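Numbering (this note's numbering), first residue to last: 1 to 187. Don't be surprised by glycine CBs; every beta carbon is placed ideally from N, CA and C. Predicted, not measured: the structure shown is a model, and the values here were computed from it.
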Amino acid sequence: MSNRHLARAVALQSLYEWDFYRGGRDPVEVAQRNLEDFASELDEKDFSINTVQGVIGHHPEIDATIRKFAPDWPLEKITTVDRNILRIAAYELLYNEEIPSKVAINEAIELAKTFGGESSGRFVNGVLGAIYRNQVAQGVVKGADQPKPADSETPSHPVLIKAEVGASFASLDDDDSFLPHPPAPLS
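Right, dumping it as structure tokens:
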């Protein structure tokens with residue numbers, strides 16, 4: 001399990017406890033305890049704490065968004081696990097500029113498959129997909145979703161040059177010399 005995936009799992013566990021006790025426990029203290037108990041060697045402790053704080057800080061807006069994009073499911077009827085997976089991913093989609101949208105959605109689906117019910121992955125995917133499509137339709141593009149500019153001097157892949165049909169191919173090496181690569185024999 002990757003560090004960030006484990007950090008999200010600890011955030012989920014912490015938000016589950018916070019939700020179960022209807023906000024009666026400090027979510028950051030719960031997260032710190034869970035990190036110590038279940039992930040003491042985790043490098044991404046701050047990521048987990050920041051996720052919990054972000055979800056709590058935007059809790060009303062996140063819940064309103066979930067209600068909007070899961071209109072047939074009252075928030076109180078969504079299982080506690082699925083509800084908090086949706087909260088984490090909605091926070092990452094709407095408020096965390098560093099997490100690419102597709103990563104947030106994929107991580108949420110994996111958490112749902114691991115900790116949720118039989119149809120949790122599909123449900124989470126459907127709700128988050130609707131939120132994401134709405135963001136795109138509104139022209140909202142997160143920094144992490146924008147394509148990275150290519151370095152104009154260094155190709156990201158070998159450059160193949162074909163002089164004529166049946167001729168040898170060449171690859172542009174780092175020192176700009178051409179290296180011949182004979183074509184594979186026809187069999």
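Residue i versus residue j - alpha carbon distance
i      : j      : result
Arg67  : Ala104 : 19 angstroms
Phe20  : Val28  : 15 angstroms
Val159 : Phe115 : Any reading at Val159 is ruled out, since the residue's pLDDT is 44, under 50, leaving its predicted position unreliable.
Phe38  : Gln32  : 10 angstroms
His58  : Ser48  : 16 angstroms
Ser101 : Gly24  : 31 angstroms
Ala70  : Leu35  : 31 angstroms
Trp73  : Lys45  : 32 angstroms
His5   : Ile88  : 12 angstroms
Ser119 : Lys142 : 29 angstroms
Pro155 : Tyr132 : Its pLDDT being 47, under 50, Pro155 is placed unreliably in this model, and the value from its coordinates should be taken loosely. The alpha-carbon atoms of Pro155 and Tyr132 are separated by roughly 32 angstroms.
Asn3   : Ala137 : 32 angstroms
Tyr16  : Pro147 : 35 angstroms
Val26  : Thr65  : Reading off the sequence shown, one finds Asp at residue 26, where the question assumed Val. Looking at the two C-alpha atoms, the distance is approximately 24 angstroms.
Glu61  : Leu86  : 12 angstroms
Ile56  : Asn50  : 10 angstroms
Enclosing alpha helix (DSSP H) for residue i [first to last residue]
i      : result
His58  : That residue, His58, is in no alpha helix (DSSP H); it is neither H nor E in DSSP.
Glu110 : Ser101 to Phe115
Ile88  : Thr80 to Leu94
Tyr16  : Asn3 to Phe20
Ser120 : Ser120 to Ala137
Glu29  : Pro27 to Phe38
Among the options, nearest to residue i - alpha-carbon criterion
i      : options                          : result
Asp43  : Gly116, Pro147 and Ala7          : Ala7
Ala11  : Ala64, Asp63 and Glu92           : Glu92
Ile18  : Ser2, Val136, Val52 and Phe69    : Residue 18 is actually Trp in this sequence, not Ile. The shortest Cα separation from Trp18 among Ser2, Val136, Val52 and Phe69 belongs to Val52.
Ala9   : Pro74, Glu61, Leu94 and Asp82    : Asp82
Leu94  : Arg22, Lys77 and Asp63           : Asp63
Thr134 : Ala90, Pro147, Gln146 and Ser119 : Sequence inspection shows Asn at residue 134; the Thr mentioned does not correspond to that position. If we check each option's Cα against that of Asn134, Ala90 comes out closest.
Glu76  : Pro147, Val136, Arg22 and Asn3   : Arg22
Test item: CB-CB of residue i and residue j under 8 angstroms
i      : j      : result
Gly54  : Asn96  : yes
Gly121 : Ala130 : no
Val124 : Ile109 : yes
Val30  : Ser14  : yes
Thr189 : Gly139 : The requested residue 189 does not occur in the structure, where the chain is confined to residues 1 to 187.
Cβ separation of residue i and residue j, assumed to be a contact under 8 angstroms, to the nearest whole Å
i      : j     : result
Ala144 : Glu98 : 6 angstroms
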